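Undergrad:
In the working numbering, the protein residues as written are 17 to 106.
(1) Please state whether DSSP places residue 101 in a helix, a strand or coil.
(2) Out of 46, 104, 22, 21, which one is the CA nearest neighbour of residue 76?
(3) Buried or exposed for residue 50, going by 16 or more other Cβ atoms inside 10 Å?
(4) Are there three or more Cβ pairs, one per stretch, closer than 8 angstroms when the segment 24–36 is compared with the segment 51–59?
(5) Do residue 70 and residue 106 come within 8 angstroms of each other at the CB atom, strictly closer than that value?
(6) Return yes when the Cβ of residue 31 is within less than 8 angstroms of the Cβ of residue 87, no when it is not.
(7) For the beta strand (DSSP E) holding residue 95, just list the boundary residues, first then last.
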């Protein structure tokens with residue numbers, strides 16, 4: 017342990033995972049039809065999952081890298097999903 021390491025800051029990483037364009041999304045299709053029956057006009061509707069991860073990291077960049085790795089390894093399936101990561105101080 018070095019005496020002059022960076023202080024840790026708590027960050028919230030928001031990972032939004034959605035199906036890639038063109039991948040069937042039966043849940044969204046059902047919801048879209050229901051909304052249209054209620055009189056709402058919409059071009060399209062896509063569902064997304066959102067994960068908020070709080071973590072201590074040396075910097076926002078480190079927190080983002082970690083959240084990226086979480087998405088790559090578990091939260092998203094790169095074959096069918098796109099994801100985006102946003103990081104903010106908690």
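The C-beta atom is built at its ideal place from N, Cα and C for all residues, glycine as well. All values derive from a computational prediction rather than experimental measurement.
TA: Based on what the coordinates show:
(1) Residue 101 sits at position 85 when you count from the first residue of the chain shown. The answer is strand: DSSP assigns residue 101 an E or B state.
(2) Walking along the chain shown from the start, residue 76 turns up at place 60. The residue with the shortest Cα to Cα distance from residue 76 is 104.
(3) Counting from one through the chain shown, the residue named residue 50 turns up at place 34. With a 10 Å radius around the Cβ and a threshold of 16 neighbouring Cβ atoms, residue 50 comes out exposed.
(4) With the cut-off at 8 angstroms, the segment 24–36 and the segment 51–59 do not touch.
(5) Mapped onto the chain shown, residue 106 falls at position 90. Mapped onto the chain shown, residue 70 falls at position 54. Yes, the pair counts as a contact, with Cβ atoms nearer than the cut-off.
(6) The residue you call residue 87 lines up with position 71 of the chain shown. The residue you call residue 31 lines up with position 15 of the chain shown. Contact flag set, yes.
(7) Mapped onto the chain shown, residue 95 falls at position 79. Residue 95 -> no beta strand (DSSP E), and no H or E assigned at all.
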